[in-house]
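Have a look at the structure below before the remarks.
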Amino acid sequence: MTSTTLRIEGGVVDLGESGISLVPWFTRRAVHIPWNNVMFVSPVPGIRYHGGDWRTFRDEPLSRHTIGRLVEFYSFEVALSDRHTLLVGKSFFVKMWLLTGMWLKPLFTADDTPHPSNGCIKLYFPKRWIRKNGGEVIAALETIKKYSRFGLLVSD
644 MTSTTLRIEG GVVDLGESGI SLVPWFTRRA VHIPWNNVMF VSPVPGIRYH
694 GGDWRTFRDE PLSRHTIGRL VEFYSFEVAL SDRHTLLVGK SFFVKMWLLT
744 GMWLKPLFTA DDTPHPSNGC IKLYFPKRWI RKNGGEVIAA LETIKKYSRF
794 GLLVSD
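According to the numbering used here, the residues represented by the sequence shown are 644 to 799, in order.
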């Protein structure tokens, strides 16, 4: 089983066959999100897969060498089918980390009401880390492409 480990603000994230595992900096216990709970992932800024490689929407090719230069900042916003499962059985500190560090929030419906179960988390990557570890980000995009899908999450 291969996986990709990325550094995020507040911890690390591991993407593999079984899903996404979030590990806060203050504990080794992971918060696991299976792929069947992930509706889609929204890379910020948006990128696309075209013709066998990753490209910016200005049509510049992304590689492990160019990602730090072409992308000003980077994060993944993960849309969840059931945000409540992340909180079940977690300690107070992990719940606070998910709510304030990962910005676990409900998704809103078309009439601006929060959905009862759908949610979103934001995985922010440190800028310095991105510049040095573009290959890991490209590997993470490949893993997401294999097990989930990409979409656009409109938020502020």
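In this text, a Cβ means the ideal position worked out from N, Cα and C, and glycines have one as well.
The model shown is predicted, which means the values in this text are computed figures rather than measured ones.
- Straight-line spacing of the CA atoms in residue 697 and residue 758 works out to 32 Å.
- A residue is called buried when at least 16 other Cβ atoms come within 10 angstroms of its Cβ; residue 722 meets this threshold and is buried.
- In this structure, DSSP gives residue 795 a state outside helix and strand, which the three-state scheme calls coil.
- No Cβ-Cβ contact shorter than 8 Å links residue 750 with residue 656.
- Runs of alpha helix (DSSP H) with 4 or more residues, each lying fully within the region 753-798, are found at 770-775, 777-790, listed in chain order.
- Following the DSSP letters along the chain, one finds residue 739 inside the alpha helix (DSSP H) bounded by residues 735-739.
- Under the DSSP definition of a beta bridge, residue 690 partners with 699.
- If you compare the alpha carbons of 780, 786, 736, 681 with that of residue 764, the shortest gap goes to 681.
- In the three-state scheme derived from DSSP, where H, G and I count as helix and E and B as strand, residue 742 is classed as helix.
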